[in-house]
Amino acid sequence: MWWLLGGLVTLIVVAYCAACLYFYNFAFVPSKKSFLGSGNTRQERVDKDWLQHVRKQTWHESATGHATWQLVADYVPATHKTTKTVVVAHGYMNTKEDMASYIRLFHDAGYNVLAPDDRGHGQSDGNYIGYGWPDRLDYRGWIKQVITRVGPNSKIAMFGVSMGGATTMYTAGLKLPHQVKAFIEDCGYTSIADELAAKAQSMYNLPRWPLVPGVIATASVITHNNFAAAKTSSTLARNRRPMLFIHGAKDDFVPTKMVYANYRSTRGPKELWVVPGAGHAKSLATHPAAYKRRVLNFLGQYFK
1 MWWLLGGLVT
11 LIVVAYCAAC
21 LYFYNFAFVP
31 SKKSFLGSGN
41 TRQERVDKDW
51 LQHVRKQTWH
61 ESATGHATWQ
71 LVADYVPATH
81 KTTKTVVVAH
91 GYMNTKEDMA
101 SYIRLFHDAG
111 YNVLAPDDRG
121 HGQSDGNYIG
131 YGWPDRLDYR
141 GWIKQVITRV
151 GPNSKIAMFG
161 VSMGGATTMY
171 TAGLKLPHQV
181 KAFIEDCGYT
191 SIADELAAKA
201 QSMYNLPRWP
211 LVPGVIATAS
221 VITHNNFAAA
231 KTSSTLARNR
241 RPMLFIHGAK
251 DDFVPTKMVY
261 ANYRSTRGPK
271 ELWVVPGAGH
281 AKSLATHPAA
291 YKRRVLNFLG
301 QYFK
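Set out below in structure tokens:
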């Protein structure tokens, strides 16, 4: 009897560990993800072509905690010299090229733009997806490099979409140089665990417990990151800088309700725009004129 019970417990534990490892590989290992949309609008294709041909520089930075991992970024200087720079953070399994429409928006407004590839994405080294948590330390390095290259009188804002939005909110909780003036996040999640739970439910009809805590623990052990601590509620509670929160009203990938929790958590000046009719990361494409006006008006307040 006891040996049978012991065997059953062992089988359950082995199956649970195997499931956690499977979903770790599914969610944290860089690869082509079938559940991600791949289509670009005509304007996005035009903007990617623009990015290929615009004058730009290639910058490099070592990943924090992984000195042998080289990170790569495009730096697009403003047409007319300025000390104002926007650092942009891309989404899950995207690259700096996928941020072309946003890079162009800020460049056309007269700003320098720095667009890195996160660890494990694009041209940057790395063997896991950090969901913005270890990446926040890399972005602090990029910010310091902007100050070194552009000058101590720099004025810097950080902008991110989807995973990049979460990266922006995680970065906001760090001790940052005084040159950082503001943040803009578009459709970022409240925590890695919350986002994994949302996708487990929508894609597989699986409950949050016990799978998500196990996957988070597995990822933390394998990558040496405490992903359980990756909560915007704690990082935004340390933020005193201005932040604009944007989220599509019809976002079913990062549920729209998350933006309200994020908005409540920050301690600095803040604005919220829930974009009518917009799906995930489609606010700019859905309402381009209003999007540009909101973003640039917000920046204008703090880039004086």
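Once you know that position 242 of the sequence shown is 242 in UniProt numbering, the rest is easy, because the numbers rise by one and skip nothing. Idealized CB from N, CA, C, for every residue including glycine.
Candidates the options, of which the one nearest residue i by Cα
| i | options | result |
| --- | --- | --- |
| V275 | L244, F303, K304 | L244 |
| D252 | K199, L21, C17, I192 | K199 |
| I143 | T85, M93, I216 | T85 |
| V295 | S62, R267, P242 | P242 |
| V146 | E61, K282, Q123 | E61 |
| N40 | R136, M99, I246 | M99 |
| G279 | H247, W69, T190, Y131 | H247 |
| M93 | K48, F35, L211 | F35 |
| P116 | G165, P134, T95 | T95 |
| Y204 | T223, L11, F26 | F26 |
| G268 | M169, A289, G277, A67 | M169 |
| V215 | T10, Y22, I12, V14 | Y22 |
| R240 | L174, K48, A67 | L174 |
| A283 | D118, E195, E44 | Looking at the sequence provided, one finds Ser at residue 283 rather than Ala. Looking at the Cα atoms, E44 is the closest of the given residues. |
| K81 | D108, T68, H90, W69 | D108 |
| V29 | Y128, M258, G122 | Y128 |
| L51 | A290, G122, V212, E97 | E97 |
| A166 | R208, V254, L211, L206 | V254 |
| A18 | N225, L211, A290, A230 | L211 |
Whole-number beta carbon distance between residue j and residue i, since they are thought to touch under 8 Å
| i | j | result |
| --- | --- | --- |
| T83 | K155 | 6 Å |
| A237 | F227 | The pair is not a contact, with the Cβ atoms about 19 Å apart (cut-off 8 Å). |
| D138 | T64 | 6 Å |
| A193 | T235 | Rounded, the Cβ-Cβ distance is 14 Å, inconsistent with contact. |
| K270 | Y260 | Contact flag wrong, Cβ pair sits at about 12 Å. |
| G120 | G132 | Not quite, the Cβ-Cβ distance comes to about 12 Å (not below 8 Å), so this is no contact. |
| T232 | T286 | Not a contact, Cβ separation roughly 24 Å. |
| I222 | Y24 | 7 Å |
| K250 | G277 | 6 Å |
| A157 | L272 | Not a contact, Cβ separation roughly 17 Å. |
| A281 | G91 | 6 Å |
| Y302 | A182 | 4 Å |
DSSP three-state assignment for residue i, whether helix, strand or coil
| i | result |
| --- | --- |
| S34 | coil |
| L206 | coil |
| H58 | Correcting the residue type first, residue 58 is Thr in the shown sequence and not His. Correct three-state label for T58: strand. |
| H53 | helix |
| T68 | strand |
| V76 | strand |
| A63 | strand |
| K231 | strand |
| V46 | helix |
| A27 | helix |
| A200 | helix |
| F298 | helix |
| G39 | coil |
| A19 | helix |
| A217 | helix |
Q. Where in the UniProt domain "Serine aminopeptidase S33" (82 to 192) do unbroken runs of the beta strand (DSSP E), each at least 3 residues long, occur, reported from the N-terminal end onward?
A. Here the runs fully enclosed are 84 to 89, 112 to 116, 155 to 161, 180 to 186.
**Q.** Three or more C-beta pairs below 8 Å linking the stretch 168 to 180 and the stretch 98 to 111
**A.** Contact between the stretch 168 to 180 and the stretch 98 to 111 is absent, because fewer than three Cβ pairs lie under 8 Å.
Q | Complete alpha helix (DSSP H) runs within the stretch 242 to 294 (minimum length 4 residues, chain order) | A | DSSP runs (the alpha helix (DSSP H)) wholly in the stretch 242 to 294: 257 to 265, 283 to 286.
**Q.** Stretch-stretch touch, CB-based, cutoff 8 Å, three pairs: the stretch 184 to 200 with the stretch 154 to 171
**A.** In this structure the stretch 184 to 200 touches the stretch 154 to 171; the number of beta carbon pairs closer than 8 Å is three or more.
Q.
Quick check: the stretch 135 to 153 against the stretch 109 to 123, are at least 3 beta-carbon pairs closer than 8 Å?
A. These segments touch.
Q: Mind the definition here: the stretch 66 to 86 touches the stretch 48 to 57 only if three or more C-beta pairs lie below 8 Å; say whether that holds.
A: The stretch 66 to 86 is in contact with the stretch 48 to 57.
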